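These protein sequence lines map, in sequence, to chains A and B.
Using the working numbering, the first residue of the first sequence is number -18, and each one after it goes up by one.
Using the working numbering, the first residue of the second sequence is number 21, and each one after it goes up by one.
Beneath this line is the structure, given in structure tokens, with notes to follow.
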Amino acid sequence: MARMNMIEAIRDALDVKMTEDSNVLVFGEDVGYFGGVFRATAGLQEKHGLHRCFDTPISEGGIVGIAIGMAANGLRPVAEIQFADYIYPGYDQIASEAARLRYRSNGEFSAPLTIRTPVGGGIYGGTTHSQSPEALFTHIAGLKTVIPSNPYDAKGMLITAIEDNDPVLFLEPKRLYNGPFYGDPHTPSVSWAKHELGEVPEGHYTVPFESVRKLKEGEDLTILAYGTMVWVAEAAAKEAGVNADILDLRSLLPLDIKAISESVKKTGRCLILHEATRTSGFGAELSAQVAEACFFSLEAPIVRVTGWDTPYPHAQEWAYFPGPKRVINGIRKVMGQA
Amino acid sequence: MTKKSNQSRLYVPEPPFRPGDTPDYSHIAVPVDHTPPRPDPMCEDHETAEHALKLIRVLRFNGEAAGDWVPKLTPDQMRKGLRDMMMTRAMDDRMFNMQRQGKMSFYMKSRGEEAVSVAHAMALRIDDMTFPTYRQQGILIHRGASIKEMMCQCLSNAGDRLQGKSIPVLYSFRDFGFFSVSGNLGTQMIQAVGWGMAEAYKNSDGIASAFTGEGATAEGDFHYALNFASTYRAPVILNVVNNQWAISSFQGIAAGEGETFAARGTGFGLATLRVDGNDFLAVYAATEWAAERARRGGGATLIEHFTYRKEGHSTSDDPSKYRPENEPEVWPFGDPIDRLKLHLIHIGEWDEDRHAAQEEACKVEIRNIYKEAEKMGTLSSDTQVNDFTMFEQVYEELPGHLKAQVEVFKEEL
């Protein structure tokens, strides 16, 4: 066991796979000699060589495009998109090509690639460094979209992603890179070094996608969250004085609906959190699936707490962010106290 | 374009001829003497800059092969090329007619462009992965893929290797170096660069060869491909098949007038060749040059194949609505089959009787294969693929939500 923050855990996963499998290649903007703007690939070029970890042109469509060709030709490319906000030029290659190659060739070709990209706000990144575009990807058949919330999961899930024979979008909540974030920017941040999930086993291990992680066992309500909002949920539930079943989804597609519905059937109440904009967000899908599976167990309407339907503002970052106050209001609403 | 005033005006290019006009293309008939010299395949990129502006030709219109691009092909090889082109055309004609009879949803012919696919494939190794569009079926015919399987794919029947998942002509034949054809245009150029980079990474001498029509060079993917191919010196051939028409838009819409598509590569530092796409020997020679360059570590070449789409874009298109009906006949570069035939006759290795007999033989062979293919069903018959296969190959393994949807679908039956 070693103490790692999330960046170190991600780097360790890459290192483990690059050491094990010469087919694993890592590339993206600034990832080579420099080691990435968030340092996720620091030292990998020096250790594994220029051919294994290298810089690309600023061309997300090109990055995803070569990853598809490499993956179809037997390699295991891990491409970094510097911010999820920049992924859209690569969207067609992801949605129309990577996700459909296996299908349209009836299994003759496939694209087992991993795309890593930082998501979410909390670093004053404004409209272009803060987005959470997961719902634009969970709508795509043939793609898997996953999002870890801590170093242990980040390493195990990234290894799972690289070994998966289908394309995986691996979203990294950038606000969690250094420590869990409980939603209040004015409280000094905690380091992963002081958290049990900052304990990361050495070497190879995997965390399966379709397996929600129960953060806390509770009877009062179920809170569905992923990424940064997992920790906001924990803090808000504590402050609201409720015993919540808090589920960290880990994977959005595929989704562990079985564990989710078991929890909601037990508590009868469901609160859904995400940082992304509200309308047609992934919360809408969760809400629909919970309603379909648990309607007769529900004691109150399902409640969603999300970012507003605006671009991610700069100066108003914390007014946009669905912090503890908004989550507590949501808890009160779903508990019938508001 | 001539500037007529000192004020900026919105300019929208138009093709020189529209329905009702008498097309005259005499101004672009480049004599074979204007062919640029053949440089060493390992030359510097800039040494091919002029090749992007000229036109590599080997076959004169009298059937003679001339110049330093004449490839060393035996009469047997040329006869094989001729036959592959004739089989491709015979298959296209048959499938087009069967589509008109309602046997399949859609079809796309490659008439007039057979040399681009057949001669190109002949100059590659069978393990060189091609990333074709829907108009390179000649690659499969040349490489010996099963024509019956191709037909079954178009018919979406029980013999369809893709089990009905793709529309007709979007073939996938991995064993024949034929990458799954995407219906989204231009996307595969950059994937071919990635494939080639992987070949180089594995220290293999395999190469990739990608195709796009001239219309889709306007897509970003084309420029990604040129950029990455240049940056990583990828062992690829990037082919632009300039057949003058992107559905109803003439080539000037994609590129602006007065530019060549090959010249797009110059600024990226790629080797660039522009070749008469109706000249079987020139296409072979240009491909052979680019393949050698890529295989020996010289990097990528952009080849513009200058040709003409003699038919509509697809069975859903009617070209008489936007271009003169006789334009295909007056196109000054002739027909690729006629030109290779004339050359073989010129060198005493072919004659009109043998040609007529082969034309009939191709027609009969295609008809017989088609009969066998149709026995396995058509899109409109009851021997289609099993509907449940639509859930397969979305992922390697069926995830929970799809398993649930399979159960719901069962209730519909």
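Where is the CB? At the ideal position from N, CA and C, for every residue including glycine.
Quick caveat, the model's predicted, so the values are computed rather than measured.
Open item on the list: With a threshold of 8 Å between beta-carbons, can Thr207 (chain B) be considered close to chain A, or not?
Closed with: What you label residue 207 (chain B) is simply residue 187 of the second sequence in a count that begins at 1. Chain A contact via Cβ: present.
Open item on the list: Excluding the 5 residues flanking Ala21 (chain A) on each side, which residues of the same chain have their C-beta closer than 6 Å to its C-beta?
Closed with: Here residue 21 (chain A) is taken as the residue at index 40 of the first sequence, counted from 1. Excluding positions up to five away in sequence, the list reads Ile(-12), Ile(-9), Arg(-8).
Task: Buried or exposed by the 16-neighbour rule on C-beta atoms within 10 Å, applied to Val256 (chain B) - done: Within the second sequence, numbered from 1, the residue matching residue 256 (chain B) stands at position 236. Classification for Val256 (chain B): buried.
Task: Test: Asn204 (chain B) CB closer than 8 Å to a CB of chain A - done: One-based indexing of the second sequence puts residue 204 (chain B) at position 184. Yes, Asn204 (chain B) lies at the interface with chain A (some Cβ there is under 8 Å from its Cβ).
Open item on the list: Run through the DSSP bridge pairs and tell me what Val90 (chain B) is partnered with.
Closed with: Looking up residue 90 (chain B) in the second sequence gives position 70. According to DSSP, Val90 (chain B) bridges with nothing at all.
- [ ] Mind listing the chain A neighbours of Gly214 (chain B)? Cutoff is C-beta to C-beta under 7 Å, in chain order.
- [x] Taking the second sequence and counting its residues from 1, the one referred to as residue 214 (chain B) is at position 194. In chain order: Gly46, Ile47, Ala48, Ile49, Gly50, Met51.
Task: Per DSSP, cross-strand counterpart(s) of Trp265 (chain B) - done: By one-based count along the second sequence, residue 265 (chain B) stands at place 245. Answer by DSSP bridge pairing, in chain order: B:Phe270.
Open item on the list: Taking a contact to mean a Cβ-Cβ separation below 8 Å, would you say Ala72 (chain B) touches Arg253 (chain B) in this structure?
Closed with: By 1-based counting over the second sequence, the position of residue 72 (chain B) is 52. By 1-based counting over the second sequence, the position of residue 253 (chain B) is 233. No, these two residues do not count as a Cβ contact at 8 Å.
Open item on the list: Less than 8 Å between the C-beta atoms of Val284 (chain A) and Arg307 (chain A), yes or no?
Closed with: By one-based count along the first sequence, residue 284 (chain A) stands at place 303. By one-based count along the first sequence, residue 307 (chain A) stands at place 326. No. Outside cutoff.
- [ ] Using beta-carbon positions only, say whether Gly83 (chain B) and Ile267 (chain B) come within less than 8 Å of one another.
- [x] For this step, residue 83 (chain B) is matched to residue 63 along the second sequence. For this step, residue 267 (chain B) is matched to residue 247 along the second sequence. Contact flag unset, no.
Task: Assumed close pair Ile357 (chain B), Met106 (chain B) - CB separation to whole angstroms, cut-off 8 Å - done: Within the second sequence, residue 357 (chain B) is the residue found at index 337, counting from 1. Within the second sequence, residue 106 (chain B) is the residue found at index 86, counting from 1. So it is a contact: roughly 6 Å between Cβ atoms.
Task: Any C-beta of chain A under 8 Å from that of Tyr221 (chain B) - done: The count along the second sequence starts at 1 and reaches residue 221 (chain B) at position 201. Closer than 8 Å to some Cβ of chain A, the Cβ of Tyr221 (chain B) qualifies, so yes.
Open item on the list: Please state the DSSP three-state secondary structure of Ile257 (chain B).
Closed with: As a first step, residue 257 (chain B) must be located in the second sequence, where it is residue number 237. Note: Ile257 (chain B) maps to strand in three-state DSSP.
- [ ] Taking all protein chains shown into account, decide if Ser86 (chain A) is buried (16 or more other Cβ within 10 angstroms of its Cβ) or exposed.
- [x] Taking the first sequence and counting its residues from 1, one reaches residue 86 (chain A) at position 105. Ser86 (chain A) should be labelled buried.
TODO: Measure from the alpha carbon of Arg313 (chain A) to the alpha carbon of each residue in A:Asn159, A:Gln297, A:Thr203, A:Leu228, then state which is nearest.
DONE: As a working note, residue 313 (chain A) is residue 332 in the first sequence. Of the candidates A:Asn159, A:Gln297, A:Thr203, A:Leu228, the one whose C-alpha sits nearest the C-alpha of Arg313 (chain A) is A:Thr203.
TODO: Express the C-alpha separation of Gly278 (chain B) and Met21 (chain B) in angstroms, rounding to a whole number.
DONE: Stepping through the second sequence from its first residue, residue 21 (chain B) is reached at position 1. Stepping through the second sequence from its first residue, residue 278 (chain B) is reached at position 258. Its pLDDT being 47, under 50, Met21 (chain B) is placed unreliably in this model, and the coordinates cannot settle the point.
- [ ] Tell me the start and end of each unbroken beta strand (DSSP E) in the segment 140 to 210 of chain B that is at least 3 residues and wholly inside, in chain order.
- [x] 149 to 151
- [ ] Locate the alpha helix (DSSP H) running through Cys382 (chain B), then write down its first and last residues.
- [x] Residue mapping note: residue 382 (chain B) aligns to position 362 of the second sequence, counting from 1. Looking at the DSSP string, the run of the alpha helix (DSSP H) that includes Cys382 (chain B) is 372 to 394.
Task: Ala80 (chain A) (DSSP reduced to helix, strand or coil) - done: Here residue 80 (chain A) refers to the residue found at position 99 when the first sequence is read from its first residue. Three-state result, Ala80 (chain A): coil.
Task: Residues in the segment 230 to 254 of chain B having any Cβ partner in chain A nearer than 7 Å - done: Gly240, Asp241, Tyr244, Asn247, Phe248, Thr251
Open item on the list: Please tell me whether Tyr84 (chain A) has its Cβ less than 8 Å away from any Cβ of chain B.
Closed with: Locating residue 84 (chain A) in the first sequence gives position 103, where the first residue counts as 1. True, the Cβ-Cβ gap to chain B drops below 8 Å.
- [ ] Using 10 angstroms around the beta-carbon of Gln121 (chain B), count the other beta-carbons present and answer buried if the total reaches 16, otherwise exposed.
- [x] The count along the second sequence starts at 1 and reaches residue 121 (chain B) at position 101. Exposed: under 16 other Cβ atoms inside 10 Å.
TODO: Report all residues from its chain with a CB closer than 8 Å to the CB of Leu399 (chain B); omit the five preceding and five following residues, and keep chain order.
DONE: Position 379 of the second sequence holds residue 399 (chain B). For Leu399 (chain B), where only same-chain residues beyond five positions count, the Cβ hits under 8 Å are Lys123, Met124, Ser125, Leu175, Ser176, Asn177.
- [ ] Using a cut-off of 7 Å between C-beta atoms, extract the partners of Ser40 (chain A) located in chain B.
- [x] For the purposes of this step, residue 40 (chain A) is taken as residue 59 along the first sequence, with counting starting at 1. Ordered by position in chain B, the residues that pass the 7 Å Cβ test against Ser40 (chain A) are Tyr244, Asn247.
Open item on the list: Just checking: is the beta-carbon of Leu418 (chain B) within a distance shorter than 8 Å of some beta-carbon in chain A?
Closed with: For the purposes of this step, residue 418 (chain B) is taken as residue 398 along the second sequence, with counting starting at 1. For Leu418 (chain B), the answer is no, since every Cβ of chain A falls outside 8 Å of its Cβ.
Task: Where Ala122 (chain A) meets chain B, residues with beta-carbon distance less than 8 Å - done: The sequence position of residue 122 (chain A) within the first sequence is 141, counting from 1. What Ala122 (chain A) touches in chain B: Val414.
Open item on the list: Can you confirm whether the segment 74 to 82 of chain B touches the segment 300 to 311 of chain B when touching is taken to mean that 3 or more C-beta pairs between the two stretches lie within less than 8 Å?
Closed with: yes
Open item on the list: If you follow the alpha helix (DSSP H) that Gly137 (chain A) is in, where does it begin and where does it stop?
Closed with: One-based indexing of the first sequence puts residue 137 (chain A) at position 156. 132 to 144 is the extent of the alpha helix (DSSP H) around Gly137 (chain A).
Open item on the list: Using a Cβ-Cβ cutoff of less than 6 Å, which residues in the same chain neighbour Pro43 (chain B) once the five nearest sequence positions on both sides are dropped?
Closed with: Stepping through the second sequence from its first residue, residue 43 (chain B) is reached at position 23. Contacts found: Phe37, Pro344, Glu347, Val350.
TODO: List the DSSP bridge partners of Glu153 (chain A).
DONE: Start at 1 with the first residue of the first sequence, and residue 153 (chain A) comes out as number 172. Its beta-bridge partners are A:Pro99.
Open item on the list: Please report the distance separating the alpha-carbon of Glu183 (chain A) from that of Ala(-17) (chain A).
Closed with: Against the first sequence, residue 183 (chain A) aligns to sequence position 202. Against the first sequence, residue -17 (chain A) aligns to sequence position 2. The alpha-carbon atoms of Glu183 (chain A) and Ala(-17) (chain A) are separated by roughly 7 Å.
TODO: Mark Ser130 (chain A) as exposed unless 16 or more other C-beta atoms lie within 10 angstroms of its C-beta, in which case mark it buried.
DONE: Start at 1 with the first residue of the first sequence, and residue 130 (chain A) comes out as number 149. Burial call: buried.
- [ ] Assign Asn223 (chain B) to buried or exposed, taking buried as 16 or more other Cβ atoms, counted over all protein chains shown, within 10 Å of its Cβ.
- [x] On the second sequence, residue 223 (chain B) is found 203 positions in, with the first residue counted as 1. So Asn223 (chain B) counts as exposed.
TODO: Rank A:Phe162, A:Gly9, A:Met(-1) by C-alpha distance to the C-alpha of Gly71 (chain A) and give the top, closest one.
DONE: Locating residue 71 (chain A) in the first sequence gives position 90, where the first residue counts as 1. Measuring from the Cα of Gly71 (chain A), the nearest candidate turns out to be A:Gly9.
- [ ] Taking 8 Å as the cut-off, decide whether the C-beta atoms of Asn298 (chain B) and Gly332 (chain B) are in contact.
- [x] Within the second sequence, the letter at position 278 stands for residue 298 (chain B). Within the second sequence, the letter at position 312 stands for residue 332 (chain B). Contact: no.
- [ ] Inspect the CB distances between the segment 297 to 306 of chain A and the segment 261 to 273 of chain A and report whether three or more fall short of 8 Å.
- [x] no
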